[in-house]
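Trainee: Following our numbering, the numbering of the sequence shown begins with 648 at its first residue and continues without gaps.
Where is the CB? At the ideal position from N, CA and C, for every residue including glycine.
Attaching a single structure in structure tokens format; questions to follow.
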Amino acid sequence: MQSLQYATSGTQTIAVWPDSDPSFSLLSSASYDMVLVNDLGQQITTVDLTLQNTPTSVTPRLVFSLNRSELPSYTGNYTITIREAVGLYDLIWGTTDQTWSEIQAKWSDSKYGGLPTTLDTDRAWVSGSDVPSFTQYTSPDETGAYNIYHG
């Protein structure tokens, strides 16, 4: 379970052990994101991730940094999906499933971004901006009393 904290600025670091192997040979052209789905209202938020380490097949742990202002501002439980998308590819005639009418550009300028691969699915607790902050835990006029009974 990840613990995330919303803020108007700053970054946060998370580490995950992926459920599926990332494309280690393509890491330089890969981009990563995290999709957060609120368990209560099913609102979806997508956050860009930046890979901070160089994982290998022996140590596949992924360390990401993220911009805290992109997190949902509402506190609660979320289901998160971390995805890897490999960069744009040049289309090759006869190997693409895109039709000419979908491309609407010069063939030499056409690119295909590939579908993202799910690396990990996890749970997260997000502390949003709707959590009150307490600066005084007791008020000066508390005069409570209690009795202790021994039996």
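Within 10 angstroms of its Cβ, does Leu687 collect 16 or more other Cβ (buried), or is it exposed?
Mentor: Exposed, by the Cβ-count rule.
Trainee: If you count every other CB in all the chains shown that lies within 10 Å of the CB of Thr655, and 16 or more means buried, which is it?
Mentor: Thr655 should be labelled exposed.
Trainee: Once you ignore the five residues that flank Gly775 on each side, which residues in its own chain have a CB closer than 7 Å to its CB?
Mentor: Counting only Cβ-Cβ distances below 7 Å, and skipping sequence neighbours, we find Tyr653, Pro719, Ser720, Tyr721 and Thr722.
Trainee: Sort out for me which residues DSSP pairs Tyr725 with in a bridge.
Mentor: Answer by DSSP bridge pairing, in chain order: Asn685 and Ala771.
Trainee: Can you list, in chain order, the residues of its chain whose CB lies under 6 Å from that of Thr693, leaving out five sequence neighbours each side?
Mentor: Closer than 6 Å at the Cβ level, and outside the excluded window around Thr693, lie Asp680 and Val682.
Trainee: Hey, would you say Asp767 sits closer than 8 Å to Asp695, going by beta carbons?
Mentor: The answer is no: Cβ separation not under 8 Å.
Trainee: So, helix, strand or coil for Arg715, using DSSP?
Mentor: Reduced to three states, the DSSP call for Arg715 is helix.
Trainee: Quick check: what's the CA-CA separation for Thr728 versus Thr765?
Mentor: Computed Cα separation, rounded: 7 Å.
Trainee: From Arg770 to Asn724, what does the alpha carbon distance come to, in whole angstroms?
Mentor: Near 7 Å, if we compare the C-alpha coordinates of Asn724 and Arg770.
Trainee: Whole angstroms is fine: what's the gap from Glu731's alpha carbon to Ser716's?
Mentor: Cα to Cα, the separation comes out at about 21 Å.
Trainee: What do you get for Ile661, buried or exposed, if any count of 16 or more other CB atoms within 10 angstroms of its CB means buried?
Mentor: The residue in question, Ile661, is buried, as its Cβ has 16 or more Cβ neighbours within 10 Å.
Trainee: Here's the rule I'm using: 16 or more other beta-carbon atoms within 10 Å means buried, otherwise exposed. How should Val705 be labelled?
Mentor: Exposed is the call here.
Trainee: Can Thr658 and Asn700 be called in contact, C-beta distance under 8 Å?
Mentor: No; because the gap between Cβ atoms is not below 8 Å, this pair is not in contact.
Trainee: Hey, quick one: how far does the beta strand (DSSP E) through Asp695 stretch, first residue to last?
Mentor: Here the beta strand (DSSP E) through Asp695 covers Ile691 to Leu698.
Trainee: In its own chain, which residues sit with a C-beta less than 8 Å from the C-beta of Ser650, not counting the 5 before and 5 after it?
Mentor: Hits under 8 Å: Ala771, Trp772 and Ser774.
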